[in-house]
Structures are given as C-alpha cells and as structure tokens.
Amino acid sequence: MTTVLLIVVPLLTGLLSFFIKEERSAKAWALLSAVVTLAISLITLFQHGSSVSFDASWLPMLSSRFSVSLDGMGKMLTLLTAVSFPVIFASTYNNKYKSPNAFYGFMLLTQAGLMGVFCATDLLLFYFFWELALIPAYFLCSKWGGEKRIAVTFKFFIYTFLGSLLMLVGILYVNFKTPGHSFAISALQNLSLTTGEENFVFWLFFIAFAIKMPVFPFHTWQPDTYEQSPTAVTMVLSGVMVKMGVFGVVRWLLPMFPNASVRMADVIMIMAVVGMIYTSLIAIRQDDMKRLIAYSSIAHIGLMAASLFTGSAVGIQGVLFQMFAHGVNIIGLWIVVDVIEQQTGTRKLSELGGLAQKAPTLAILFVVMAFANIALPLTNSFVGEFLMFNSVFQRSVILGGVAGISIILAAVYTLWMVQKIFYGELTGKQNYEINVPVNTQLMLGVLVAVVLIFGVFPQPMLNLTNDTVTKISAQIK
Amino acid sequence: MPITYYITLSVVLFCIGVVGVLTRRNAIIIFMCVELMLNAVNLMLVAFSKMHNGNAIASAPNSTVGIDGQLFVFFIMVVAAAEVCVGLSIIVMMYRNTHSVDVNFLNRLKN
Amino acid sequence: MGLIGCGVILASFAVSLGIFFEVKQDGFQPQVITLFEFIKLPAFTIPFAFQVDQLSSLFLLIITGVGFLIHVYSTAYMQEEEDEHYGRYFSYLNLFVFSMLLLVLGANYVIMFIGWEGVGLCSYLLIGFWFKNNNYNYAARKAFVMNRIGDLGFLLAVFWILGKLGTVNYSDVFANASTFSTFEVTAITLLLFVGAMGKSAQIPLYTWLPDAMAGPTPVSALIHAATMVTAGIYMIVRSNVLYNMAPVTQTVVAVIGLATAFLAATIALKQNDIKKVLAYSTVSQLGYMFLGLGVGAYTGAVFHVMTHAFFKALLFLGAGSVIHAMHHEQDIRSMGGLKKYLPITHITFLLACLAISGIPPFSGFFSKDEILAAAYEHNKVLWVVGVITAGMTAFYMFRLYAMTFLGQFRGTHEQEHHLHESPSAMTIPLIILAILSVVGGFVGIPEVFAPNAHALEHFLSPVIAKSSEAAHGLDHGTEYMLMGVSVGLAVIAIIYAWTRFSKKPEIAEPQGAGKFFAEKWYVDELYDAIVARPLLAMANFFKNVIEKSGIDGIVNGVGRGVNYAGRQIRLMQSGQVGNYILLMVLSMVLMIILVFYGNNLNPILNYFSK
Chain A
1 MTTVLLIVVP LLTGLLSFFI KEERSAKAWA LLSAVVTLAI SLITLFQHGS
51 SVSFDASWLP MLSSRFSVSL DGMGKMLTLL TAVSFPVIFA STYNNKYKSP
101 NAFYGFMLLT QAGLMGVFCA TDLLLFYFFW ELALIPAYFL CSKWGGEKRI
151 AVTFKFFIYT FLGSLLMLVG ILYVNFKTPG HSFAISALQN LSLTTGEENF
201 VFWLFFIAFA IKMPVFPFHT WQPDTYEQSP TAVTMVLSGV MVKMGVFGVV
251 RWLLPMFPNA SVRMADVIMI MAVVGMIYTS LIAIRQDDMK RLIAYSSIAH
301 IGLMAASLFT GSAVGIQGVL FQMFAHGVNI IGLWIVVDVI EQQTGTRKLS
351 ELGGLAQKAP TLAILFVVMA FANIALPLTN SFVGEFLMFN SVFQRSVILG
401 GVAGISIILA AVYTLWMVQK IFYGELTGKQ NYEINVPVNT QLMLGVLVAV
451 VLIFGVFPQP MLNLTNDTVT KISAQIK
Chain B
1001 MPITYYITLS VVLFCIGVVG VLTRRNAIII FMCVELMLNA VNLMLVAFSK
1051 MHNGNAIASA PNSTVGIDGQ LFVFFIMVVA AAEVCVGLSI IVMMYRNTHS
1101 VDVNFLNRLK N
Chain C
2001 MGLIGCGVIL ASFAVSLGIF FEVKQDGFQP QVITLFEFIK LPAFTIPFAF
2051 QVDQLSSLFL LIITGVGFLI HVYSTAYMQE EEDEHYGRYF SYLNLFVFSM
2101 LLLVLGANYV IMFIGWEGVG LCSYLLIGFW FKNNNYNYAA RKAFVMNRIG
2151 DLGFLLAVFW ILGKLGTVNY SDVFANASTF STFEVTAITL LLFVGAMGKS
2201 AQIPLYTWLP DAMAGPTPVS ALIHAATMVT AGIYMIVRSN VLYNMAPVTQ
2251 TVVAVIGLAT AFLAATIALK QNDIKKVLAY STVSQLGYMF LGLGVGAYTG
2301 AVFHVMTHAF FKALLFLGAG SVIHAMHHEQ DIRSMGGLKK YLPITHITFL
2351 LACLAISGIP PFSGFFSKDE ILAAAYEHNK VLWVVGVITA GMTAFYMFRL
2401 YAMTFLGQFR GTHEQEHHLH ESPSAMTIPL IILAILSVVG GFVGIPEVFA
2451 PNAHALEHFL SPVIAKSSEA AHGLDHGTEY MLMGVSVGLA VIAIIYAWTR
2501 FSKKPEIAEP QGAGKFFAEK WYVDELYDAI VARPLLAMAN FFKNVIEKSG
2551 IDGIVNGVGR GVNYAGRQIR LMQSGQVGNY ILLMVLSMVL MIILVFYGNN
2601 LNPILNYFSK
C-alpha cells in the first residue's frame, strides 16, 4: 500500500499545486510534498513482500492491471527519486519562476510518473507512467527553458516519443504473444518467441531505452536539452529520468528477451564503449558547463549500458549501485552550476575563473563532487565503476582497456572545469560578492555526505539491490 | 438487341461525362456532365435489370421480378434532383460573389 | 593548526614505532585486521582490511617519521600564508599521510588502490596549492592525469587478478600465484608496472614530476621525493612473488629503470632551478630503485627507498631553507656564497650531497652499491650504465652545491641584505635528517664488510621470497672492485664539479648537447605533438564535424526531411477543383484496373497482401 502512496502523493499534490496562486505557498507546498514522499520512501525500505505490493483492476478490457511492487532495485530508485526532489526544491528555493504554481505542479507530476515507472509490474502501466513522466518534462523545458527552448524541446520530445512509440509497438506485440493477452511481468518473462521475432522486438524496446539513457549514437537530444532546460529540470532529467532507460533494460528488456540480449551484447557493448570515448573527447572541448556535464554524463551512462550486457551479476550490481551514485553526484554538480549561473550570470568556462577566492566553501563542495564524478576511491561512484569496469574487462580485455581510457579522459575534462571555474585569477567581469544561499550549501553538504558515506560503506546499498541482481542473473543465464 | 449495345452506349455517355467534368471550367456545364454520368449509370441499371430477368418477365409479364434494379434508378433520379437543387443554389451564390461560374476561381481553400 | 597537524603525525609515528618493535621480534607472522567488508558480492569479497608485516612497518616508519619532520618544518616555512590557507595546507598534508598509510597498510590490492589514488589526489591538491597561478594548476592537472594513466594499468591488473582468482587479498593471491600461466602473470605484472610508472615517474610517464615542483617545497620533499613516488617500488616489492614468475617483466623493469635513471641524470646536469635539479635527481634515483627491482634486488630497492627518503627529504628541505632565505628565488645562477649566511643549511646540504653521491660511509653508498652489485651480476651492461649515471649524479649534485653555497653571492643587494638562517623549526628537522642520512646506511652493511650485518635483509626476509641471492654470488674481490670503481668515479666527479663551479659558475645559456639536456630532451614538446595535440584535434573534429554534422545532422536531417516532404506534398492540394477530380478519376481507373485485371499483377498484389 505504501507503494501506491509513493505515486499518489506527488500526483495529487501536483494537481493541487496548479491552484495555488502565491509563489511562496507553491514552493512550500512542493517542498512539503517532496518531504512526505521521502518519508514514505524511507518506510518502504523496511517493508517486504506483500506490504510493498498492490494489485487492482485497472483496464479489464485490455487485461491490464494496476499492479505495483517494489523489489530492491525499485526501492533504490524510488529512494533516489524521493531524495532528489526535496534536494532539488530546497537547493533552488531562491530561484524565481514565472507562474510558479504550474512549475511546481509539473515537477510533482513528473515525480509521480517516475515513481510509477519504478514501481509498475504491468507493462502497460509502465508505459503509462513512462509517458506521464515525459509530458510534464516537455512542458517544463518548453515553458521555463532558455532562449532556444522551443526548437530544442521539440527535438527532445519527438526523439523520446519516437522511442516510446516503438516501445508501444513492441508492447502490443509481446502482449499478443502471451497466453490470455496479459501485460503482467510474470507472463511476459516466459515468452516463447522465435529468434527472428525476439531480435525484432528486442530492438523496438532497446531503442526506446537507448534514447532515454541515452546511448551513443542516440544521445544528441541530451546536451541541447540539458543546456536549455531550467537547471532544476535538468537535475530531474539527468539525476532521475535517464535512470528510466537503464531501469527499463534491467526490469523488462533482459528478462523478456534473454537470448536476444546475449546475441546483441557484442554490438551494444561496442556501441557503448565507442560512445564513452567519443563523448569524453567531446566533453574536453566544451565551453558551456552544462554541456560539459551533459557529455560527461553520457560517457558514464555508456559504461552502464556496456556492463548491463556483459551478462554478469557483478556488472548488473555495479550498474544498480552506480544509478544511485550517478544520480546523487550529477545533482550535486548541477546545484553548483545553478549557483554559479545565478550569481555570475554565465556558464561559460572562458568567462569564469578564480571563484575559489570568493566562495571557498562552494569550491570545496564542488571539488568533492568533481572527484566523485571521476570515480575517485572512497567516493560512491568508485564502487559502481569498479564493479562495472571489472565486468566489462572480464568479458573482453580489449573492450575493458578501451573503456578504461575514459577514466583518464574524465580526469582531463573534470579537472579542466574545476580549474577554469575556481582556480586562477578572478576574471575582470566578476567584481561582486558571491553569496551562496545557506539552503544550497546545506543541500550540497548533504549530497557530499551521501557521496562519502556510500563511498566508504557501499555494502548496505549492495545488499538492498542484491535480490534483483540474483533474480536477473538467473533469468539471463 | 444484345446487351453490348446498351453497355457501349452507357460507357460512351459516362466517358463524355467524365471528360466534360475534367476539361470544362464552367460550373453549370460540369454540373450537366455529372448528370450525364448519373444517367449513363441509370441506363446501365435498367438494361441489366432487363437482361438478368428477361426470361422471368417473359413467362409472367405481371410479376415484379427485377424491379429492384429499376427502383434504384428512381432513387438516383430523386437524389440527382436534390443534388441539382443544392448544386444550382451553390452556383447561384458563387455567381453572386464572383460574377463568374468558373470553378478555377474557387481555390481559396489553398491558402 | 600546525600543532594539530604535527601532533597527530607524531602520534602515528609513535604507533608505528610500537608496531615496528613488535614486528621486529623473530617469528612474527603477518597480521591482517579486517575492519569491515568493503564490497561483498556472491562472486567475490573485498574486505577493508589492513596488513602489518615487515615491509609495511618499515614503510610506516619512513612515512610517519619523515612526514613528521616535514610537518614541523612546514609550520615555519608556511608561516607567511594567511590563516585559511595555512589550515588548508595542513589538512591536505595530513590527508596525504592518511592516504599513504592506507596504501602501505592495505591487505589487498583494492585498498592499496584506494590509497594509491588518494595520494594522487593530495599530490594534485598540493601542487596546485597556490591556485591563483594557472601554471601551477596546469602542473597539478598534468600530474593527476599522468598518474591516472598509470592507475588505469593498475586497475586492469587488479581486474585480471580478480577475474582469475576471485580474490585480491595478498595472502590468497600469492598463495595461488602458481595458477597463473606465464602469459597471464607477465601481463599482470606489466600492467602493475604501468601503474608504478605513473606514480614513480618512470619513462614514459615521468614528465609530471619536475613540473610538480610548483607546490610548496616541503610538499616536494614529502610527496615528490620521500614517500609518494616510492609507492611504485612498494607495490612491486609487495608483489615480488608475481614478479619473480615473470622474467620478461623483470627485464622490462630493469631496462626502463636504468633508462630513466640515465635520462633524468643527463637532464639534471643542465638545470638551473634548484628544485628542478632535485626533481630530476629524484626521477633518476627512482630509476635506480627500479633497476634494483628488475634485477631481483628487492631488499636493495627498499633500502634505497629508505636512504633516499632521508637524504632527498634533506636536500629538498635544505633547498626550501635556501628559497626561504632568498625570498622565493629558485635560480642557482643568482645564488652563490650562501655558506656563510646559512651555516646549518650548508652543512646538512653537503652531507646529503655526499650521501646521494654514494661516498662511504654515508647511507647512499650502501644502498646504491647493493643495487649496482646486483646489476653487475645480472648483466654487466646494466652495471656500466648504472655507474656512469652514479658519476653524473655526483657531478650535478656538487654543481648544485657549489653554485649555491660556494663562490660569491650573485643576487641583488636587497636579497643579500635579507639573507638569514632559517628558524629552528626548520633547522632541527634538517639536522635530524642529516644524522639519518649519515648513519642510515648501517642497517644494510654488505656481506663483504661484516658477515650477517645486513639487518635490513634479515628483517625483510619473511616478505621477500629469495630476496638477494643475487648479491651473494660475487666473490669479495669483485665486490671491492665494483665499489672502488663507483666511488672513484664519484670522487672524481665531485672534485671536478667543486673546483670548476666554485670559481666560475655556469651563467651562460648552454649550447649544443647542453641545450638539448637543458630543454629536457624536448620530451614535453614531443608529448605535446604526438599525444595532446592529436587528441585535442580529434576532440575538435568530433565536436564540430561528427557530432554537429554527422550524428546530430542525421537526427535533424530526418526532421528536416519530414518537413520538406510535408511541404512538397502540400502542393498537391492546389485548391483547383479540376485537379482533385482528375486525381479522383485516375485513382478510380487504377482501382478498376487492379480489381479486374489484378490476376495479371499477381506478383505485386501478392507483395501487398502479405
């Protein structure tokens, strides 16, 4: 029952938020809602079995049921979602938006969609939430975004929607192949498809997930969208929404098409590894912080994609761990980007410099986040990347070695960014004080704490997702 | 008379109608061509009706066998009459607006 | 703040001493203490565990001992910094000691890797300590990135071990080392050596170390001379079981070590920055240590790590004292005659120079001799190059000494006016280190002087399999001959350098080969041309061409294609009634043909009805 609350609370509060006229109340309302959701999510961590499952009739004509359930991975990702939103709301509390009620309403609706995606155990319900998360995001980008928002958001929407529609075709196809036309996950995991069918439907699903993640070469919507979206939305997109793609692969793609996953593994892994190097190199030459982080994120996601298809339990475990770590880290980076953009009015590395003199605390927090981004040991992403690189290396020494180059390149671009923003002399344009709001510092501090805690003690998180890994690796063997 | 004569006549009439519709620009003439096509079909219906049920009619002249085909013709005539009403009134309105009955002037939907 | 920083290091030094005396007792078994399970998966378990044995306890002493002295020295040296930077300095320095201890205490390769990257981080932070200067920042970034290249090799080796054995604990790995095939063990050791190349500044990854002199001088002493750069040596000694199984790797290690020693020594001949000379000297000495590792003289390498830690830390701290007195002037061409202004610094510096040059009975003599003897036995060519390098070492060190302390002062009057001996917080560490540099060698007296006097070898024998059987194969006459040659060469070099540079300091810009050396063999330029530039060009190409016109071009092209098709098809809707009707009639004709003559079009229809 608590699982349903995870979806219902943001959904209802989101709808109500549209009727709140005053800015401060809208903000407080959204923050309150996010905190309540976080509390519920924390409760689910201690619940098991039937208490985190719910099943009700939904669309009887289509034999689709409203059935939600949380396993380790679901708990982990709903927790990530639940943690992200209060952090995002609190850290951007001082930002001004036109029609704030609608902004926060859409944000909460996105959260509801994300929660639904991570809980659903019915494929049609999954699709429903998948779109529910996408559509508010579209409005958020197109209404509150930067100068080129219309064109960019249009591309973002069409691109991801194309993937969604391919997936819809695949969903209908597998639905017809189940006895009794069911959408239930248990029925879908025992499909009997011919090789040709399986390959075909595999790609329908994979392209949808690959666009969402995004995997090279389906990634070009992402830098533009991250650049143009308001930073709070970028945090949602990169911190949580890209995990939908990874989640989709683990929850649906691998169990439904285990044989095709093995057959296509080489192609996808090569694609992902090439993408890692390619996007890392591009990141080196970026001048806009947001684009740099976007490309860096694509490179990291590429590693996740590669290790998902190694077929090893270690790799999948690493991916699950890294999903959380990546979410936390990248939100931290965006918070700093947001602060810098709010205070200096620019995101261009070429126009920044020497901020460590003005804002030492911010510099320290950012440097920790940056080193987490390059997976320094004792930060959380080291554990994930260690497991993932390990699985790729065990599968293929050459791919592992090539993928490893990306950790060198990651150091190059991340340190370049740190150096350009914080070190050196102050550039002439910045003769003002930088006041980092207390709430922002606090939230960054929380994230840094999470980074370090899970970097030193990763085991609780590994234990949480262990059941999922065991199940998936049994299914794909 | 063999049925082919009817068919030939009907096809010729129909084609005259089609060509007329395609080539003429005067709305009234197009209208008349449409009527021509309808009547070509009518002729065909009557001819086929008579052909298919010829033996039955010959044996029992008072029976109503094959009357359905001819009934269609009446329906078509009625519908055509109604169509003429609407069509002619459209043409009248068009003439009032454009002082012409040339259909090529009616391309305002294009934009 | 300085008090806290020094106090905790002193405390850990005391603990290290306690551990040392416990370990020193005969029959001590390595102790593994597991704090908690770091990563525990069904496939493998990586405990967060520490291992205390002879090797790690020795390194503990070096790190905390030298580290403490340098902390004390720093309290005075960094006095000019503002409060917040002063605090920052000590927090970085302590973080470094923490990471370094993690490195040597870890009971498995992953924990070692954590420390390994941790010291890289601290090195980065401390090189870029004065972050307002962008050149320093570039040096810091270069150090980190070059270290990362090595780290990648290390990491891949760890993966290989993990994949093969399912464990990374030293004890399990070494116990099961025989399950590796020759190819595997060669690959693993080579990958580990790549890691060591990065951290210990060997060809081709050495160029970061001279640049790292951008950091404060005590940092150069601690990190870039005494401790961190010897991590590679530690790692290879730790894995000596694996290296003994891979003779190919050992040859590679020896050759690269010697090449590095030689190359760095030639560069050091012509440097004029006091810290740069010491930096290249460090690279060169590290090369010696790798030579020792490559020829199987593990004890010799560790011995040299220890003595090197003493005299190189002393040299750097002495240089720091000079720089302090000269108000941040580092060019030895503007120094000279400092003997009378800085008496303590002068004496200690001289002792360190004698030690590094390998003059008996100073510490460097014993350790260097042990490595050279092992090299001689292995291959005479190695020994010849090694001795020549040793001669060069003596030469450039005394060139440095003479130009700094002898002759006439060549700086400005203002500088001369301010010359002063450093405060006692700086000189006391110098004196202690000088004593260690002098007597430090006596823990490893070779067999020829006194039987069974090599305490270090005895101490390390449990962790090093068959450590220096090499050095015992020589008869005493040969060994005396080897010592005589190297000491003689060193003495000649010293006398030549002393007489030449105390009278006529080398002020002019070097020409010919000298210029080639002074410009560091143009290696930086070479790397720039073959690695950095092509990579950036490729990145630019990807960014501006492939990404923009290629991948995104296709995506946008699809969008534009749809748009264009829409615009073209729209033109069919001309608004001309005639056109519509014509289209309608044509379609009807087509349909009639299809329906009535369809049988003749079977192939096409079949296609559509599928």
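Protein chains in written order, with this note's numbering: chain A, 1 to 477; chain B, 1001 to 1111; chain C, 2001 to 2610. Here a beta-carbon is modelled for each residue, glycine too, at the ideal position from N, C-alpha and C.
Asked, Found
"Quick one, are the C-beta atoms of C/V2237 and C/A2301 less than 8 angstroms apart?", "yes"
"Can you tell me whether C/L2003 is buried or exposed? The criterion is at least 16 other CB atoms within 10 Å of its CB, across all chains shown.", "exposed"
"Along chain A, in chain order, which residues have C-beta atoms closer than 9 angstroms to that of C/E2037?", "Q459"
"Flag C/K2515 as yes if its beta-carbon sits less than 8 angstroms from any beta-carbon of chain A, otherwise no.", "no"
"Please go through the same chain and pick out, in chain order, the residues whose beta-carbon is closer than 8 angstroms to the beta-carbon of A/G401, but skip the five residues on each side of it.", "F393"
"Unbroken alpha helix (DSSP H) runs of length 4 or more, entirely within the region 2513-2543 of chain C: which are they?", "2523-2527, 2533-2541"
"Measure the alpha-carbon distance for B/G1069 versus B/S1010 and round it to whole angstroms.", "16 angstroms"
"In chain A, which residues lie with their C-beta within 7 angstroms of the C-beta of C/I2551?", "P217, T220"
"Which chain C residues sit within Cβ distance under 7 angstroms of A/Y278?", "F2542"
"Using DSSP bridges, identify the partner residues of C/P2047.", "C/E2037"
"Which partner residues of A/D467 appear in the DSSP bridge assignment?", "A/D467 is not bridged to any residue."
"Is the closest heavy atom of the ligand SAH to the C-beta of C/K2520 under 7 angstroms?", "This structure does not include the ligand SAH; it has no bound ligands of any sort."
"In its own chain, which residues sit with a C-beta less than 6 angstroms from the C-beta of C/S2321, not counting the 5 before and 5 after it?", "T2345, S2422, M2426"
"Quick check: the region 434-449 of chain A against the region 346-363 of chain A, are there 3 or more CB pairs under 8 angstroms?", "yes"
"Check distances from the C-beta atoms of the region 2559-2578 of chain C to those of chain B and list, in chain order, the residues that come in under 9 angstroms.", "Q2573, S2574, G2575, Q2576, V2577, G2578"
"Buried or exposed: C/T2227, going by 16 or more other Cβ atoms within 10 Å of its Cβ?", "buried"
"Looking at the structure shown, is C/G2575 part of a helix, part of a strand, or coil, going by DSSP?", "coil"
"Specify the secondary structure class of A/W58 as computed by DSSP and reduced to three states.", "strand"
"Quick one, which residues of the region 1020-1042 of chain B are near chain C if we go by CB-CB under 7 angstroms, in chain order?", "V1021, L1022"
"The region 2118-2141 of chain C: which residues have C-beta closer than 7 angstroms to a C-beta of chain A, in chain order?", "G2118, L2121, G2128, F2131, K2132, N2134, N2137, R2141"
"Taking only three categories from DSSP, how would you classify C/N2169?", "strand"
"In the DSSP output, which residue or residues are listed as bridge partners for A/F66?", "A/A56"
"Are C/A2225 and C/K2312 close, meaning C-beta to C-beta below 8 angstroms?", "yes"
"How many Å lie between A/A102 and A/F18 at the Cα?", "5 angstroms"
"In this structure, does DSSP put C/I2202 in helix, strand or coil?", "Contrary to the premise, residue 2202 of chain C reads as Gln rather than Ile in this sequence. Note: C/Q2202 maps to coil in three-state DSSP."
"If we define contact as Cβ-Cβ less than 8 angstroms, is C/F1966 a contact residue for chain A?", "Residue 1966 of chain C lies beyond the residue range present for chain C, which begins at 2001 and ends at 2610; the question has no answer from this structure."
"In chain B, which residues lie with their C-beta within 7 angstroms of the C-beta of C/L2582?", "L1022"
"Does C/I2149 have its Cβ less than 8 angstroms from a Cβ in chain A?", "yes"
"Around the Cβ of B/S1059, are there at least 16 other Cβ atoms within 10 angstroms (buried) or fewer (exposed)?", "exposed"
"Taking DSSP's pairing of strands, which residues face C/D2273 in a bridge?", "C/D2331"
"Within 10 angstroms of the Cβ of C/A2471, are there 16 or more other Cβ atoms? Answer buried if so, exposed if not.", "With a pLDDT of 49 at C/A2471, under the threshold of 50, the predicted position of this residue should be treated as unreliable, though the coordinate-derived value follows. Buried, since its Cβ has 16 or more Cβ neighbours within 10 Å."
"Tell me which residue opens and which closes the alpha helix (DSSP H) that C/L2433 is part of.", "2424-2439"
"I'd like the list of long-range same chain contacts for C/V2448, defined as Cβ closer than 6 angstroms, with 5 residues on each side in sequence excluded.", "H2476, E2479"
"Quick one: which unbroken alpha helix (DSSP H) runs of 4-plus residues sit fully inside the region 1044-1088 of chain B? Chain order, please.", "1054-1059"
"What runs of the alpha helix (DSSP H), each 4 residues or longer, lie entirely inside the region 2326-2406 of chain C?", "2343-2357, 2363-2378, 2380-2405"
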